[in-house]
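When the sequence shown is numbered by my numbering, its final residue is 341 and no position is left out of the sequence of numbers. First up is the structure itself, then whatever we jot down about it.
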Amino acid sequence: MPLVTSTEMFKKAYEGGYAIGAFNVNNMEIIQGITEAAKECNSPVILQVSKGARAYANRTYLVKLVEAAEIETGLPIVLHLDHGDSFETCKSCIDDGFTSVMIDASSKSFEENIAITKQVVDYAHAHGVVVEAELGTLAGVEDEVSVSAEDSSYTRPEDVQEFVQRTGCDSLAIAIGTSHGAYKFKPGTNPQLRFDILEEVQKRLPGFPIVLHGSSSVPQDYVKMINENGGHMPDAIGVPEDQLRQASKLAVCKINIDSDLRLAMTGTIRKYFNEHPGDFDPRQYLKPARANIKEMVKHKIVDVLGSDNKL
Ligand code: G3H
Ligand code: 13P
Ligand code: ZN
């Protein structure tokens, strides 16, 4: 099966009350860990590449590695651009074989966001590619751009219908209290996503797929593993997984997870080096890191997203 768009996946996910995991990829081991997990769980999956990841690996390698994963697993896989910042970046990914792109003009004015999103949609749809857009601003860091909690803003449900109608986008990322990175909420607080906003958006856009960014849960066992092996992660907690499961049952069809994979990979490698100070063969420490990414993704698919056995 060639790489697919998310159209069918989202339709089934919306109707079935589950979400598809969109996991960020930067190298071969991360791609293998994610897709081996999806294969074992019989789950569709989205592999997403940020502008930074594309700069790190160069524009060819990640596309070819994702194609290799598709050949190995036979899974329906979407290759998605995460947080495209301009028409040019989106066009370049479409020309390279991505099946889905995000244009993130959420920091611009409503009218500018519509204009740039529409330009991307016109080019993407002419090439059989789908487009995710964003309304509202998440806090946190993505690529080199940092948005403080004060500058973040929830999506206004009264804007969504006009935005989707005028842009023709295929899915919409909204801000309901999630944020990017590993430092989302202070320990001891009780994070609560704004389900009232999600439900209001869903009422205004019945059947339309909604996306949640910044959905890592910051597993404390990996934070501990990093800190016990020479790291210095400040205390922080992530998005409660039961709330992500609840969102998956509503209009949320795509849930973005990157930081949790980074924590699993880094924690595992730090621990490995502490226990094997003489080792210098990259395969020795990347192997357990890949295995733990796989376990993490299986947990997300089965216990959080509900996308297992949905092929
Ligand atoms: O939302 C951002 C993703 O976690 C990607 O991060 O831009 O550092 O690759 P990155
Ligand atoms: P996290 O930082 O919560 O993993 O979010 C990732 C994301 O939204 C990628 O677009
Ligand atoms: Zn994001």
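C-beta: ideal position from N, C-alpha, C; glycine also.
Quiz item: At a cut of 8 Å, does the region 201 to 208 reach the region 228 to 245 through at least three beta carbon pairs?
Solution: yes
Quiz item: Does the region 100 to 108 touch the region 80 to 91, meaning 3 or more C-beta pairs lie closer than 8 Å?
Solution: no
Quiz item: Quick one: is the Cβ of Ser130 within less than 7 Å of any heavy atom of the ligand 13P?
Solution: no
Quiz item: CB His113 to CB Ala52, shorter than 8 Å?
Solution: no
Quiz item: Exposed or buried, what is Lys245 when buried is set at 16 or more other beta-carbons lying within 10 Å of its beta-carbon?
Solution: It is Ser, not Lys, that sits at residue 245 in the sequence shown. Its Cβ being crowded by 16 or more others within 10 Å, Ser245 is buried.
Quiz prompt | DSSP-derived helix/strand/coil call for Met58 | solution = Reduced to three states, the DSSP call for Met58 is helix.
Quiz prompt | Uninterrupted alpha helix (DSSP H) stretches inside the region 95 to 159 (no shorter than 4 residues) | solution = 117 to 126 and 140 to 156
Exercise. May I ask which residues mark the beginning and end of the alpha helix (DSSP H) holding Ala43?
Key: Thr37 to Gly46
Quiz item: Is Ala294 near the ligand G3H, in the sense that its beta carbon is under 7 Å from a heavy atom of that ligand?
Solution: no
Exercise. Quick one: give me the first and last residue of the alpha helix (DSSP H) that Leu293 is part of.
Key: Ser289 to Glu305
Quiz item: Sorry if obvious, but does the Cβ on His110 come closer than 7 Å to a heavy atom of the ligand G3H?
Solution: no
Quiz item: Is Asn286 near the ligand 13P, with its Cβ less than 7 Å from a heavy atom?
Solution: yes
Exercise. Identify which residue in Val190, Lys42, Ala83 and Ser209 has its Cα closest to the Cα of Ser73.
Key: Comparing Cα positions, the closest option is Lys42.
Practice problem: Determine the extent of the alpha helix (DSSP H) in which Val253 is found, giving its start and end residues. | Solution: Per DSSP, the continuous alpha helix (DSSP H) segment holding Val253 begins and ends at Gln250 to Asn257.
Practice problem: Report yes if the CB atom of Thr219 is closer than 8 Å to the CB atom of Ala205, and no otherwise. | Solution: no
Quiz item: With 16 as the cutoff for other CB atoms within 10 Å, does Asp350 come out buried or exposed?
Solution: Limits of the chain in this structure are 31 at one end and 341 at the other, which puts residue 350 out of reach.
Quiz item: Taking buried to mean at least 16 other C-beta atoms within 10 Å of its own C-beta, is Lys216 buried or exposed?
Solution: exposed
Quiz item: Under the DSSP definition of a beta bridge, which residues are partnered with Thr167?
Solution: Here Thr167 is bridged, per DSSP, to Ser183.
Self-check item: Close beta carbons around Lys340, own chain, < 8 Å, minus the five adjacent residues each side
Solution: Lys42, Ala43, Gly46, Tyr48, Asn72, Ser73 and Pro74
Quiz item: Should Gly268 be counted as a contact of the ligand G3H given a C-beta to heavy atom distance under 7 Å?
Solution: no
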